[in-house]
Structures are given as C-alpha cells and as structure tokens.
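Worksheet: the structure to be examined is printed underneath.
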Amino acid sequence: FTEVVFGYMAPGAVIVSTPNAEFNPLLPGLRGFRNYDHKFEWTRAEFQT
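Per our numbering, the sequence shown starts with residue 13, numbered consecutively.
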C-alpha cells in the first residue's frame, strides 16, 4: 500500500485521519473502540508523534 501511494502515485500531499480516542468518553456505554474494524484510536498527542 505505501509503495503504491508514495512511490507509484506520488501525490503532492497525503492526508491521514484516525478516530480521536479523547472523544470516546462522551459516548455512553462504549467499551473499547467505536467500531469493530478499528485497529487503533489515537489521542491528539499520539497522532502528532
């Protein structure tokens, strides 16, 4: 995937997004990730690292 996006396609910019884990406490009854297919949900600090 990364070879195709950054090598073959070589876009001028790539936008990466992830669910913000800091929002999760606002969702009543949520245990774990917001969706079953999420592999990670980062905080803002983790995303900026």
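A virtual CB, placed ideally from N, CA and C, is assigned to each residue, including glycine.
Alpha carbon of residue i to alpha carbon of residue j, nearest angstrom
{"i": "ASN47", "j": "TRP54", "result": "14 Å"}
{"i": "VAL17", "j": "PRO23", "result": "7 Å"}
{"i": "ALA33", "j": "GLU58", "result": "10 Å"}
{"i": "LEU42", "j": "TYR20", "result": "40 Å"}
{"i": "PRO37", "j": "ASP49", "result": "19 Å"}
{"i": "ALA25", "j": "ARG56", "result": "20 Å"}
Proximity below 9 Å, CB of residue i to CB of residue j
{"i": "THR30", "j": "PHE13", "result": "no"}
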